[in-house]
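K.L.:
2 protein chains.
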Amino acid sequence: MVSTQIVLANRPKGMPVLTDFRFEDIELPVLSDGEVLVEGVYYSVDPYMRGRMNAAKSYAPPFEVDKPIIGGVVAKVLESKSLDFVAGDLVTGRLNWRKKDVVQEKLLKKIDASIAPPSYYLGILGMPGMTAYVGFIHIGKPKAGETVVVSGAAGAVGVIVGQLAKIKGCRVIGIAGSEEKIRLLKEEFGFDEAINYKTCPDLKKAIADLCPNGVDIYFDNVGGEISDAVINNINFHARIPLCGQIALYNSSVPPMGPRLQPMLLSRSVLMQGFIIFNYESLFPEAIKEMSQWIKAGKLKFTETVIQGFEHLPIALLGLFSGENTGKMLVKA
Amino acid sequence: MVSTQIVLANRPKGMPVLTDFRFEDIELPVLSDGEVLVEGVYYSVDPYMRGRMNAAKSYAPPFEVDKPIIGGVVAKVLESKSLDFVAGDLVTGRLNWRKKDVVQEKLLKKIDASIAPPSYYLGILGMPGMTAYVGFIHIGKPKAGETVVVSGAAGAVGVIVGQLAKIKGCRVIGIAGSEEKIRLLKEEFGFDEAINYKTCPDLKKAIADLCPNGVDIYFDNVGGEISDAVINNINFHARIPLCGQIALYNSSVPPMGPRLQPMLLSRSVLMQGFIIFNYESLFPEAIKEMSQWIKAGKLKFTETVIQGFEHLPIALLGLFSGENTGKMLVKA
Numbered sequence: 020m021v022s023t024q025i026v027l028a029n030r031p032k033g034m035p036v037l038t039d040f041r042f043e044d045i046e047l048p049v050l051s052d053g054e055v056l057v058e059g060v061y062y063s064v065d066p067y068m069r070g071r072m073n074a075a076k077s078y079a080p081p082f083e084v085d086k087p088i089i090g091g092v093v094a095k096v097l098e099s100k101s102l103d104f105v106a107g108d109l110v111t112g113r114l115n116w117r118k119k120d121v122v123q124e125k126l127l128k129k130i131d132a133s134i135a136p137p138s139y140y141l142g143i144l145g146m147p148g149m150t151a152y153v154g155f156i157h158i159g160k161p162k163a164g165e166t167v168v169v170s171g172a173a174g175a176v177g178v179i180v181g182q183l184a185k186i187k188g189c190r191v192i193g194i195a196g197s198e199e200k201i202r203l204l205k206e207e208f209g210f211d212e213a214i215n216y217k218t219c220p221d222l223k224k225a226i227a228d229l230c231p232n233g234v235d236i237y238f239d240n241v242g243g244e245i246s247d248a249v250i251n252n253i254n255f256h257a258r259i260p261l262c263g264q265i266a267l268y269n270s271s272v273p274p275m276g277p278r279l280q281p282m283l284l285s286r287s288v289l290m291q292g293f294i295i296f297n298y299e300s301l302f303p304e305a306i307k308e309m310s311q312w313i314k315a316g317k318l319k320f321t322e323t324v325i326q327g328f329e330h331l332p333i334a335l336l337g338l339f340s341g342e343n344t345g346k347m348l349v350k351a
Numbered sequence: 020m021v022s023t024q025i026v027l028a029n030r031p032k033g034m035p036v037l038t039d040f041r042f043e044d045i046e047l048p049v050l051s052d053g054e055v056l057v058e059g060v061y062y063s064v065d066p067y068m069r070g071r072m073n074a075a076k077s078y079a080p081p082f083e084v085d086k087p088i089i090g091g092v093v094a095k096v097l098e099s100k101s102l103d104f105v106a107g108d109l110v111t112g113r114l115n116w117r118k119k120d121v122v123q124e125k126l127l128k129k130i131d132a133s134i135a136p137p138s139y140y141l142g143i144l145g146m147p148g149m150t151a152y153v154g155f156i157h158i159g160k161p162k163a164g165e166t167v168v169v170s171g172a173a174g175a176v177g178v179i180v181g182q183l184a185k186i187k188g189c190r191v192i193g194i195a196g197s198e199e200k201i202r203l204l205k206e207e208f209g210f211d212e213a214i215n216y217k218t219c220p221d222l223k224k225a226i227a228d229l230c231p232n233g234v235d236i237y238f239d240n241v242g243g244e245i246s247d248a249v250i251n252n253i254n255f256h257a258r259i260p261l262c263g264q265i266a267l268y269n270s271s272v273p274p275m276g277p278r279l280q281p282m283l284l285s286r287s288v289l290m291q292g293f294i295i296f297n298y299e300s301l302f303p304e305a306i307k308e309m310s311q312w313i314k315a316g317k318l319k320f321t322e323t324v325i326q327g328f329e330h331l332p333i334a335l336l337g338l339f340s341g342e343n344t345g346k347m348l349v350k351a
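Chains as they are written, first to last, in our numbering: chain A, 20 to 351; chain B, 20 to 351.
(1) Please confirm whether A/N115 has its beta-carbon closer than 8 Å to some beta-carbon of chain B.
(2) Can you name the start and end residues of the beta strand (DSSP E) that B/V176 belongs to?
(3) Curious, which full-length beta strand (DSSP E) runs of at least 3 residues does the segment 197 to 260 of chain A contain?
(4) Measuring only the C-alpha atoms, how far is A/I130 from A/T111?
(5) On the CB-based measure, 16 or more other CB atoms within 10 Å of its CB, does B/A287 come out buried or exposed?
(6) Distance cutoff 8 Å, beta carbons only. Does A/M68 sit that close to anything in chain B?
(7) Within this structure, are the beta carbons of A/I214 and A/I194 separated by less than 8 Å?
(8) Using a Cβ-Cβ cutoff of 8 Å, what residues of the segment 232 to 251 of chain A are near chain B? List them in chain order.
(9) Which residues mark the beginning and the end of the alpha helix (DSSP H) in which A/P303 is found?
(10) Are the segment 48 to 62 of chain B and the segment 93 to 106 of chain B in contact at 8 Å, needing three or more beta carbon pairs?
(11) Would you identify the three-state DSSP class for A/G70, choosing helix, strand or coil?
(12) B/V96 bridges to which residues according to DSSP?
(13) Could you tell me which chain B residues have their CB closer than 7 Å to the CB of A/V288, listed as they occur along the chain?
(14) So A/P277 is in the beta strand (DSSP E); what residue range does that whole segment cover?
(15) Could you name the residues of the segment 179 to 208 of chain B whose beta carbon sits closer than 7 Å to any beta carbon of chain A, in the order they occur along the chain?
(16) Since B/Y152 sits in a beta bridge, which residues does DSSP pair it with?
(17) Only counting the same chain, and skipping five residues up and downstream in sequence, which positions put a Cβ closer than 7 Å to that of A/G177?
(18) Please check if any C-beta of chain A sits within less than 8 Å of the C-beta of B/S285.
(19) Taking A/M282 as part of the alpha helix (DSSP H), name the residues at either end of that continuous run.
(20) Residues of chain A with CB under 7 Å from B/Q123, in chain order?
(21) Contact check, B/A184 vs B/V167 under 8 Å by CB: the rounded distance?
(22) For the segment 299 to 317 of chain B against the segment 334 to 345 of chain B, are there 3 or more C-beta pairs whose distance is under 8 Å?
(23) For A/K205, collect the residues of the same chain with a Cβ closer than 6 Å to its Cβ; drop the 5 residues on either side in sequence, then sort them by chain order.
(24) Short of 6 Å in beta carbon distance, which residues of its chain neighbour A/L37, apart from the five on each side in sequence? Order them along the chain.
(25) Within 8 Å, do at least three Cβ pairs link the segment 138 to 153 of chain A to the segment 287 to 296 of chain A?
(26) Would you say A/R71 reaches chain B, if we count a Cβ-Cβ gap shorter than 8 Å as a contact?
(27) May I ask you to report which of helix, strand or coil DSSP gives A/M146?
(28) Here's a check: name, in chain order, each residue in its chain whose Cβ is nearer than 7 Å to the Cβ of B/L15, leaving out the five neighbours to either side.
(29) Are the beta-carbon atoms of B/L318 and B/Q123 separated by less than 8 Å?
(30) Compare the C-alpha of A/E46 against each of A/K119, A/R113, A/K32 and name the closest.
(31) For my contact list, B/L27 and B/I88 are in at a C-beta cut-off of 8 Å; report their separation, rounded to the angstrom.
(32) Does the segment 243 to 257 of chain A come into contact with the segment 208 to 228 of chain B, if we say contact requires no fewer than three beta-carbon pairs (one atom in each stretch) closer than 8 Å?
(33) Look up A/Q123 in the DSSP assignment and give the residues it is bridged to.
(34) Mapping DSSP to helix, strand and coil, what is A/P87?
(35) Quick one: list the residues of chain A neighbouring B/L267, beta-carbon separation under 7 Å, in chain order.
(36) Please decide whether B/Q311 counts as near chain A, where near means a Cβ-Cβ distance under 8 Å.
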């Protein structure tokens, strides 16, 4: 059977471009026992994938040049030689960017569309949701009445963190990059305040004005100068879950910035880099709680869906120019 | 009764100088009930005192201009109107820089010279010892076989951290600023290796060579470029207790450096600023364990003692040019 795949054509230096990807037609092998033929329905694009395009040592092994990109996928089972799946099942897994693929059964999990729409298993009930939950609840350790700032607030993780902060009784301020995002954060997702960093003349002062008691938790999705402005307002005993550094992912040399350790030291701040794949033991608790909050209407989610498998590379690039609100997905 | 005190004459900008201090003769009040007349024996000078010379918000309130400097002191009781102390007792407390002083009984603790020499209550059994213990054991969470790097290794805290690392079965590499310190670390304090950062042509490479499995705990006493070099070799799931940033204390504007968050994130590193005064509940455990290790000969200590109360300011300044090995003290 014929399929199409998207491979890494070469490792980008700095911002990736479309020619870093290549489309290829391939012939799939015949199904063996324990294997499943699937067809992709939704493909996830996520900021962390930029790191895997580099050769450097990181938490996930690098993508290989001339091999398919791998990411979160929701797929439909077309044919099964597995006892666990039947044709028509909806499944999710970390799969090759292929239109159709033959996959080992152990790489797949069935999804329950009665809890949430299938695409949510790449978002609020998938990696971004787990990331928001683990980073905010387990590393951030929120207490009612505390002040929370979220950068990249309109992204897939950010919109969840903001709502978790409200559920936990915190005041929450989001930072995002357009007036439309600011409006959504306040009107749809219940953020107390939101700042458009692209038009704000003095971000440090704006945060100081909105956080008169200082910032107790800074959930950092972006890094760079936005983070400098927040950390200048950080409180004693604050927690900074380091979730993303999207502002810096495309730098080929480490960018310079003000040294933050003196402030982290003098204010007894915790900064914790974390990778969601190390916290899998917390996922059942996270899914249970988040599902309840979704059903109770306390936790909403939003997606930016691009149509067409052929637009996967452009969707991934769009993350770095802030094209998305909420989870960015491609629908095949 | 007449005494002499040392006050903060003005707030230094950048590196403090002798004219930032002023000596004054004062008349002490008559003793009231609950008060004790003490005479200073040992005065502690510590890097954190530089922070208190600034007006900025920090963990300890700033010293006040025209008021005495306050620091750790071991003193002898000359006269007592307290039921807790008698003349001749040796006590310790955070006291004014005065030759003699009238002090509230609640500010003083008796010391037990049978456990360790009196000056040790400003060092290994005082603030530096508690700092090393809490930072290394409770924040660093060492596991046998891990690799530990300590900057400012020949300082009061550093020599203790290195020995605690050996007690816990770790490999430990110290960074210090003279050949004599390097020799001491290896020959007297049992460090596996030590690097002279002043003569090392490529610190990042030197650390990589000595830490082939990466750095699991970086106990940071200094900050700046030394820390950059260590953090470039940091391991997955490493811990960085931020104890001091002596390289940066005298900067009046925040210095620039490479942004570290991308590495902290991609390697799931914890960085924790900590202030020993927030961990007082751990002191009894720390004193008990450290006293046992001292008696068993597993934990040694060293001091640099400057003679003369009048040399207190110069001793404090000496910390920033690395004049001391181990704890810097002034003997009255």
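All C-beta atoms in this analysis are idealised placements derived from N, C-alpha and C, irrespective of residue type, glycine included.
Model, not experiment: these values are computed from the prediction.
P.N.:
With the structure as the only source:
(1) no
(2) Not the beta strand (DSSP E): B/V176 falls in the alpha helix (DSSP H), residues 175 to 186.
(3) 212 to 215, 234 to 238
(4) 7 Å
(5) In the sequence as presented, Ala is not what sits at residue 287 of chain B; that position holds Ser. Buried, because 16 or more other Cβ atoms sit within 10 Å of the Cβ of B/S287.
(6) no
(7) yes
(8) D239, G242, G243, S246
(9) 302 to 314
(10) yes
(11) helix
(12) B/V57
(13) G292
(14) 275 to 277
(15) none
(16) B/Y152 is not bridged to any residue.
(17) V169, G171, G193, N240
(18) yes
(19) 280 to 285
(20) Those do not exist, as B/Q123 stays about 27 Å from chain A at its closest Cβ, beyond 7 Å.
(21) 4 Å
(22) no
(23) A213
(24) P332
(25) yes
(26) no
(27) helix
(28) Limits of chain B in this structure are 20 at one end and 351 at the other, which puts residue 15 of chain B out of reach.
(29) no
(30) A/K119
(31) 6 Å
(32) no
(33) A/E54
(34) strand
(35) R278, P281
(36) no
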